[in-house]
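Protein chains in written order, with my numbering: chain A, 25 to 138; chain B, 5 to 115.
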Amino acid sequence: DGGITQSPKYLFRKEGQNVTLSCEQNLNHDAMYWYRQDPGQGLRLIYYSQIVNDFQKGDIAEGYSVSREKKESFPLTVTSAQKNPTAFYLCASSTQRVENEKLFFGSGTQLSVL
Amino acid sequence: QKEVEQNSGPLSVPEGAIASLNCTYSDRVSQSFFWYRQYSGKSPELIMSIYSNGDKEDGRFTAQLNKASQYVSLLIRDSQPSDSATYLCAVNKFTGNQFYFGTGTSLTVIP
């Protein structure tokens, strides 16, 4: 089945530690995104990538880093510089064809601080 | 000014009633509009997309778009308890292919 796979489902970070969230898609989508969701808030864009080896900062990129070495993969690293990382992280992908650019989501990763 | 605004609710309707969810957007260049349903602890699920003015129906769901008023709505007919969720409105400004989300409206359907 085609889809977006995020792992792990739950992740715990210790103080000063970097952690990496995995996102893999087999939908052959060009664009991939990372969003952060806090309770009672909407989705806020962290980073997005429209093509391999290229990515752009979203609204809340500070304390995060990404890479896009393969079309299928877009991992997100939450660095120790992100002081309030506890949130639900969502990876998404879309085509870039006009009027077919629907956004599809993975199942999410809940990150908590120990 | 936020790109997308929604009433946070909560909105409560009795089972079988019509639920009406509203959304406004700030940028006239927005081209594509979406409604997502999100259950607690789960990821958003696309339920409707609309690209031109007017109504678009899919089963019990109807999306309405008015670009002149920068307004998009979602009607849920014959509401069921399983429709209880948070509904997110999203817009896409094709330039840059960025999706902007509202904060969501919480809907509760009372049996």
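A virtual CB, placed ideally from N, CA and C, is assigned to each residue, including glycine. Values in this document were obtained by computation on a predicted structure and should not be read as measured data.
Would you decide whether residue i is buried or exposed? Buried here means 16 or more other CB atoms lie within 10 Å of its CB.
i, result
"R92(A)", "buried"
"G58(B)", "exposed"
"Q80(A)", "exposed"
"L138(A)", "exposed"
"E125(A)", "buried"
"P109(A)", "buried"
"I28(A)", "buried"
"N96(B)", "buried"
"G64(A)", "exposed"
"N70(B)", "exposed"
"F103(B)", "buried"
For residue i and residue j, I'd like the C-alpha separation in whole angstroms.
i, j, result
"S118(A)", "G130(A)", "12 Å"
"E7(B)", "D31(B)", "7 Å"
"Q150(B)", "P14(B)", "Outside the modelled stretch of chain B, which goes from 5 to 115, sits residue 150(B), for which no answer is possible."
"V76(A)", "M56(A)", "10 Å"
"Q106(A)", "C93(B)", "28 Å"
"Q41(A)", "L100(A)", "14 Å"
"T28(B)", "L114(A)", "24 Å"
"R68(A)", "Y59(A)", "5 Å"
"A116(A)", "E49(B)", "11 Å"
"A89(B)", "D54(A)", "30 Å"
"T66(B)", "D87(B)", "14 Å"
"R37(A)", "G26(A)", "30 Å"
"D82(B)", "E19(B)", "7 Å"
"K60(B)", "I54(B)", "7 Å"
From which residue to which residue does the beta strand (DSSP E) around residue i run?
i, result
"I80(B)", "75-80"
"Y72(A)", "67-75"
"K60(B)", "58-62"
"F112(A)", "111-118"
"N96(B)", "89-97"
"R41(B)", "36-42"
"A55(A)", "55-61"
Problem - the segment 78-96 of chain A contacting the segment 49-62 of chain A, beta-carbon criterion three pairs below 8 Å - result: yes
Exercise for the section: Please determine if the segment 30-49 of chain B and the segment 73-88 of chain A are in contact, where contact requires at least 3 C-beta pairs separated by less than 8 Å. Expected result: no
Problem - Proximal residues, the segment 19-34 of chain B versus chain A, C-beta separation under 8 Å - result: none
Problem - Residues from the segment 78-100 of chain A in contact with chain B, defined by Cβ distance under 7 Å - result: none
Exercise for the section: Please name the residues in the segment 43-73 of chain B whose beta-carbon is closer than 7 Å to at least one beta-carbon of chain A, in chain order. Expected result: S47, P48, L50, S53, Y55
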